[in-house]
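Inspection log for the structure reproduced underneath, given as structure tokens.
Protein chains: 2
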Amino acid sequence: MTKTLAIGKQTETDLSALKDAFDPVEVTVPADISSLDDATRAAITAVAYKGSHAFGAEQMDLLPNLALLANYGVGFDTIDISAANARNIKVTNTPDVLNDDVADLAVAMAIMQRREMVQASDWVRSGKWAEKGAYRLNTKFSGGTVGIVGLGRIGRDIADRLAAFKMEIHYFSRSEKVTPGWTYHTDPVALAGAVDTLVVALVGGPETVNFVSAQVIDALGPKGVIINISRGTTIDEAAMLDALEQGRIAGAGLDVFLSEPEIDPRFYKLDNVVLQPHQASGTHATRAAMAKLQRDNIAAFHADEPLLTPVN
Amino acid sequence: MTKTLAIGKQTETDLSALKDAFDPVEVTVPADISSLDDATRAAITAVAYKGSHAFGAEQMDLLPNLALLANYGVGFDTIDISAANARNIKVTNTPDVLNDDVADLAVAMAIMQRREMVQASDWVRSGKWAEKGAYRLNTKFSGGTVGIVGLGRIGRDIADRLAAFKMEIHYFSRSEKVTPGWTYHTDPVALAGAVDTLVVALVGGPETVNFVSAQVIDALGPKGVIINISRGTTIDEAAMLDALEQGRIAGAGLDVFLSEPEIDPRFYKLDNVVLQPHQASGTHATRAAMAKLQRDNIAAFHADEPLLTPVN
Chain A
2 MTKTLAIGKQ TETDLSALKD AFDPVEVTVP ADISSLDDAT RAAITAVAYK
52 GSHAFGAEQM DLLPNLALLA NYGVGFDTID ISAANARNIK VTNTPDVLND
102 DVADLAVAMA IMQRREMVQA SDWVRSGKWA EKGAYRLNTK FSGGTVGIVG
152 LGRIGRDIAD RLAAFKMEIH YFSRSEKVTP GWTYHTDPVA LAGAVDTLVV
202 ALVGGPETVN FVSAQVIDAL GPKGVIINIS RGTTIDEAAM LDALEQGRIA
252 GAGLDVFLSE PEIDPRFYKL DNVVLQPHQA SGTHATRAAM AKLQRDNIAA
302 FHADEPLLTP VN
Chain B
2 MTKTLAIGKQ TETDLSALKD AFDPVEVTVP ADISSLDDAT RAAITAVAYK
52 GSHAFGAEQM DLLPNLALLA NYGVGFDTID ISAANARNIK VTNTPDVLND
102 DVADLAVAMA IMQRREMVQA SDWVRSGKWA EKGAYRLNTK FSGGTVGIVG
152 LGRIGRDIAD RLAAFKMEIH YFSRSEKVTP GWTYHTDPVA LAGAVDTLVV
202 ALVGGPETVN FVSAQVIDAL GPKGVIINIS RGTTIDEAAM LDALEQGRIA
252 GAGLDVFLSE PEIDPRFYKL DNVVLQPHQA SGTHATRAAM AKLQRDNIAA
302 FHADEPLLTP VN
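In the order they appear, the protein sequences are chains A and B. If you count the first sequence from 1, you need to add 1 to reach my numbering. If you count the second sequence from 1, you need to add 1 to reach my numbering.
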């Protein structure tokens, strides 16, 4: 019997690679596991998971011999780590290979928001430039102050880029890091109060829910812009929408949302927000690298070798 | 009689500052100079010029005592420098104060093109994300190779930013510069052949017309993207449009065009091009700094002190 279960919609290339390597059983979502017969489920020791549905105790208990849950993506907030630990299931993710793409999108959203580049693009394409003249002046980006909320690997990659834009870098992190003189804050409210642009690069999951609270948003103030490439859960989204609508912050650049892809319709009415469809890691090269790292973790497991990127 | 003539549409703040400093005669475009009476024209020794109309021998000869032509903007391709030299007219521009803004826009256009961020924004705002699912994968930006055509002050500011995106930097310039190991090319065709992204940061004017020729564009190839924040004249625009339409290059990010603001309608049909309305220096802070530098040059001239930023 095959030992690997692949869950999720794969690209043709990735599916072909998974088949070549593991000849897996395939289902589309975790809820489909229950449709597999007992013998098939009992044979599964490793899952290749790709998706945004919860994978918890219920799914794990349907796979009595599961020992590896290899997630596609750096964020693993869909997976119940406590339930995995209780069943001696190791979880892996796909860190680092997507950092560059995520940092690129964060920086571009930040510039696009200040320089109103989506609106300026519309100004050209609608013919208004020719009809009505120059697009309105907007706000300088370089030389500002930025606060990184969460100076992990992605936060660091964002900060390194922003330093080249002559920005003064501040950050919050659980512990102080070795940096080129960046300013460490232990309090996210104090961080927000010290900067004009706040970039959220936290891990998701229950511990960071609403970490960027109404109080943090208020501290950022009317010249402030929030950039979020982490998870929709890390920001008090209703409080952010209130602040955006009322001009208590200047704007936002968001790749992630609480109820994506059915995002809060209040976002559609805001022209001070750059909206992206959770595409930060969405390049051919990076998605291929993520799929390869997922496969490499599964191959290591089946070969009884150390996992490459365990998270528990 | 007043010695200063202000030409162009000023912001209220700038106009007020010009009045306080010089009590100038005001006209809107160079063609209006002829409507001033002889005595007024003869009194003028300095012009504060802002605009995109040509300022040449004909205009200069209407101002027999003109000795300073202070341009608002770093590019002075509207001004006939030979004609100015022949009449002992000094020309000044407003360099450096706009470099950061121009570099910011160049970098953002480059990322937006590769990551299809205008289209991805439309995908969210049109509701397609919720209806049809994820936006399509696109192309990684960081880690690529970039060629800077013209490593002057703006080109350097762009390259410094792109280095933070882990890009391999190549450049063309009239002479080799001191760099952190960047690759110097004496031939723009060879430069284009070595890179995936070509950023045009040349000065405008007759010497650089069609510098990015059909041959350079062909050498860039089907994975290549052209970014232009210099002048529309520096690229063979018809050849670039052909290449964009035929997929012989991957795309472009353009803030400047040959016949702006009435740009070639072929651009509107291209979805692989990021279009901006010549707004690179268009921030409140930078435009105020440009106007101040223009006034400072005029004040220095009237006080018989050295000009701050002469170009001839």
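Backbone N, C-alpha and C fix where the C-beta goes; we use that ideal spot for every residue, glycine too. Please read all numbers here as calculations on a predicted model, not as lab measurements.
The Cβ atoms of Pro223(B) and Ala251(B) sit closer than 8 Å to each other. Looking from the CA of Arg126(A), the closest CA among Leu106(B), Leu255(B) and Phe166(B) belongs to Leu255(B).
Buried is the label assigned to Arg162(A), since at least 16 other Cβ atoms lie within 10 Å of its Cβ. Separation of Thr140(A) and Asp39(B) (C-alpha to C-alpha, rounded to the nearest whole angstrom) is 43 Å. Under the three-state reduction of DSSP output, Ile8(A) falls in the strand class. The DSSP-derived three-state label of Tyr269(B) is helix. The contact set of Tyr269(B) on chain A, defined by CB atoms closer than 9 Å, consists of Val125, Arg126 and Gly128 in chain order.
Below 8 Å, enough C-beta pairs join the segment 104-111 of chain B and the segment 111-127 of chain A to call them touching: three or more. Under the three-state reduction of DSSP output, Gly148(A) falls in the strand class. Boundaries of the alpha helix (DSSP H) harbouring Ala104(B): Asn100 to Arg116, taken from the DSSP string. Taken in chain order, the complete beta strand (DSSP E) segments of 3 residues or longer contained in the segment 120-188 of chain A are 146-150, 169-173 and 184-186. For the pair Phe268(A) and Ala244(A), the Cα-to-Cα distance works out to about 12 Å. DSSP lists Ile80(A) as the bridge partner or partners of Phe56(A). In terms of Cβ geometry, Ala44(B) and Ala7(B) do not form a close pair [threshold 8 Å]. When CB distances to chain B are screened at a threshold of 7 Å, the residues of the segment 110-125 of chain A falling below it are Ile112, Met113, Arg116, Met118, Val119, Ala121, Ser122, Trp124 and Val125, in chain order. Interface flag for Arg232(B) against chain A is unset, since no Cβ pair is found closer than 8 Å.
Bridge partners of Tyr50(B) according to DSSP: Ile8(B) and Asn72(B). Just so you know, the alpha carbons of Leu99(B) and His285(B) end up roughly 11 Å apart. Per DSSP, Glu27(A) lies in no alpha helix (DSSP H) segment; the continuous beta strand (DSSP E) that holds it begins and ends at Val26 to Val28. If you look at Ala304(B), you'll find it isn't in any beta strand (DSSP E); DSSP assigns it neither H nor E. For Ile227(B), the enclosing beta strand (DSSP E) begins and ends at Val226 to Asn229. Counting only Cβ-Cβ distances below 8 Å, Ala164(B) has contacts in chain A at Ala165, in chain order. From the listed residues Asn86(B), Thr12(B), Asp21(B) and Phe23(B), the smallest Cα separation to Thr29(B) is found for Thr12(B). Annotation: Cβ neighbours of Leu106(B) in chain A (cutoff 7 Å, chain order): Arg116. Under the criterion of beta carbons closer than 8 Å, Leu69(A) and Ile34(A) do not qualify as touching, at roughly 15 Å. The beta carbon of Tyr136(B) sits closer than 8 Å to some beta carbon of chain A. Around the beta-carbon of Thr14(B), fewer than 16 other beta-carbon atoms lie within 10 Å, marking it exposed.
Boundaries of the beta strand (DSSP E) around Val201(A): Thr198 to Val201. Secondary structure of Ala281(B) (DSSP, three-state): coil.
Taking 8 Å as the CB threshold, Asp265(B) stays off the interface with chain A.
Chain order gives the chain B residues near Asp161(A) as Ala165, where near means a beta carbon separation below 7 Å. Interface residue (Cβ-Cβ distance to chain B less than 8 Å): Asn139(A) is classified as such. When CB distances to chain B are screened at a threshold of 7 Å, not a single residue of the segment 30-59 of chain A falls below it. Contact annotation for Ser143(B) against chain A: Asp101, Asp102, Ala104 and Asp105 [CB-CB distance below 8 Å, chain order]. Shown in chain order are the members of the segment 278-298 of chain B whose Cβ falls below 8 Å from a Cβ of chain A: Pro278, His279, Gln280, Gly283, Thr284, His285, Ala286, Thr287 and Arg288. Inclusion of Ala165(A) and Leu152(A) in the CB contact set at 8 Å is not warranted, their separation being larger than that value.
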